[in-house]
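Data first, discussion second: the structure below is written as structure tokens.
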Amino acid sequence: MSRLLRKSCMLLLILVLFIPASLVSAATKTTADFTDLKDLDQATKAKFDALISAGIFNGFNDGTFGIKEEMNRAQFAKVAALIFGLDVNTDLKTSSFSDVKLDDPGNGYALPFIEAIKAAGITTGIGDGLFDPSGAVTKEQLATFLVRGLGKEADAMQSQGQGVPNSTVSGWAMPYVNYAFFAGLLPDDIGFDGRSNADRGLLATAAFATKTVVDPDLTVNEATLDANKELTIAFSSAVDPKTIKLSNIMINGNALSDELDSFELSEDGKTLKIKLRSGFYPGSAVNPIIEVTGIQSLFQKPLVKDDSPTELSVTNPPVYPIYYAPVASASMSVTSVTYTTFQSSPALLFGYYPEEPATAYVVFSTNELDDDSASNIKTLASDPSLTSNMHNVIACTFDLDGSSNGSIVSYGYLFTGLNHFYVYLEAGGKHSQVFYTQIDTST
């Protein structure tokens, strides 16, 4: 590979406005917003935060979560419908249960959720057409509902005891309770008493464990880059915003920046929109790929790494490389100039003849120069003070090592938009004519 010894100068000062990397809805509550959750250990807080963020639990208006409050059947219906992803018809006005009313101030909200869990076969009520929405849910009933929701009732009937004292669990519920412990749906340190009522803390813990089972593996469904300005990544399920680190996202091996790039996460947590810093380019345009690591789902599932790389769909891509035929010179000449937008370091590539060490005098300008003579190009490039107050001109010199092709300037040195490009070469007694072309860097 050709080497190039560079001596660069940049006469344009760019001010960068740093945008916070994580922009997540300020309305999202966490365990810190509930007075009765502040003393939980960090691992448990993370689980509760996931449930709150997913909208499965909301807490009460008095600023408490009600972790020690007994859970009623209406509350369970909502939680179950959400963790199992059931089809909930929010337009329902009447229930198939005579004691479930939409105008019930305490439990009316649960009507569509109650109908959803009935349709899913999780419960048929308490008999005689009643659901008993205000009634408590016992621990053994909770285990039964969760196992049914997972569709594991047949497996439960074949399960063996897991050390739960038979005297604390009703005979009909024993298979469900055994399976719930076997599958890790219930914590094994709760001092299980099947006939006692479950509280909201147990419901939350069991809901999280169940959600990790039913949640799909976290994968990247699609990745799209629009005009090198915004990168959109669609995931299979909601991601945990705390695990998003932009430097763990690479396009063709080029990492994003936690400081210079920024992101927004959609309300459902499944779509990540990343605003890329000015001048970032993703590399080769032939088969661009994206690699994402370190991200987890809300329910702590790691991102599944596919055997094959994830292709990046590029919309509104930059223009194809621009090529202009050179102007020949008897003693020295520029033989080719190409502007490439998709590579690890987007650059102007140019070749010259003969292959020997030389000096390149280069001028970029947003306007065409009035004087494009060799002497003026050399003067501007050799004396930075001449262009220090010219906001539309960048001038530099480059020492070339004799390679016929090489990168003479990275994209970072160019103005955004149309650049007028001038280069004049000297090598001992040889020199070229001034080579001129226009480079469009607007994309």
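When you line the sequence shown up against mature numbering (1 follows the signal peptide of the UniProt record, and there is no 0), it's residues -26 to -1, 1 to 417, in that order. Ideal Cβ positions, reconstructed from N, Cα and C, are used throughout, including at glycine.
Minimum Cα-Cα distance from residue 20 among the listed residues 352, 84, 183 corresponds to 183. Burial state of residue 393 is buried, judged by a 10 Å Cβ sphere holding 16 or more other Cβ atoms. Residue 100 is not bridged by DSSP to any residue. Per DSSP, residue 233 is not a residue of any alpha helix (DSSP H), being assigned neither H nor E. Beyond the five residues adjoining it in sequence on each side, residue 352 comes within less than 7 Å, by CB distance, of 335, 398 in the same chain, given in chain order. When Cβ pairs closer than 8 Å are counted between the two stretches, the stretch 193 to 211 is seen not to touch the stretch 165 to 176, the count staying below three. Per DSSP, reduced to three states, the secondary structure at residue 133 is coil, with no helix or strand assignment. Out of 376, 237, 158, 99, the CA that lies nearest to the CA of residue 223 is found in 237.
With 16 or more neighbouring CB atoms inside 10 Å of its own CB, residue 46 falls in the buried class. In summary, residue 126 is buried, with 16 or more beta-carbon neighbours lying within 10 Å of its beta-carbon over all protein chains present. By the beta-carbon neighbour count (other beta carbons within 10 angstroms, threshold 16), residue 52 is buried. Between residue 60 and residue 90, the CB-CB gap stays under 7 Å. Per the C-alpha coordinates, the member of 361, 18, 95 positioned closest to residue 120 is 95. Scanning its chain for C-beta atoms nearer than 7 Å, with the 5 sequence neighbours on each side dropped, one finds around residue 85 the residues 66, 69, 74, 76, in chain order. Around the beta carbon of residue 128, a 10 Å sphere encloses fewer than 16 other beta carbons of the protein chains shown; the residue is thus reported as exposed. Residue pairing of residue 368 in beta bridges, as defined by DSSP: 338. As a beta-bridge residue in DSSP terms, residue 224 pairs with 229, 265. Between residue 273 and residue 185, the C-beta spacing is below 7 Å. Residue 404 is bridged by DSSP to 401. Comparing C-alpha distances from residue 148 to each of 115, 3, 124 shows the shortest one belongs to 115. Residue pairing from DSSP places residue 192 in a beta bridge opposite 277. DSSP lists 413 as the beta-bridge partner residues of residue 393. In the DSSP assignment, residue 247 falls outside any alpha helix (DSSP H) and lies within the beta strand (DSSP E) extending over 245 to 249.
For residue 204, the uninterrupted beta strand (DSSP E) segment begins and ends at 204 to 209. The C-beta distance from residue 231 to residue 221 rounds to 7 Å, short enough to fall under 8 Å.
The shortest CA-to-CA distance from residue 286 to any of 153, 42, 266 is the one to 266. Here residue 214 is buried, its C-beta having at least 16 other C-beta atoms within 10 Å. Of the other Cβ atoms in all chains shown, fewer than 16 fall within 10 Å of the Cβ of residue 412; this residue is therefore exposed.
With 16 or more neighbouring CB atoms inside 10 Å of its own CB, residue 405 falls in the buried class. Boundaries of the alpha helix (DSSP H) around residue 121: 113 to 123. Secondary structure at residue 35: coil, using DSSP grouped into helix, strand and coil.
Membership of residue 151 in the alpha helix (DSSP H) is indicated by the continuous run 148 to 156.
Cβ neighbours of residue 97 within its own chain (closer than 7 Å, five residues either side excluded): 91, 119. Between residue 160 and residue 181, the CB-CB gap reaches or exceeds 7 Å. With 16 or more other CB atoms across the displayed protein chains lying within 10 angstroms of its CB, residue 212 is buried. Unbroken alpha helix (DSSP H) stretches of 4 residues or longer found wholly inside the stretch 17 to 66: 47 to 57, given in chain order.
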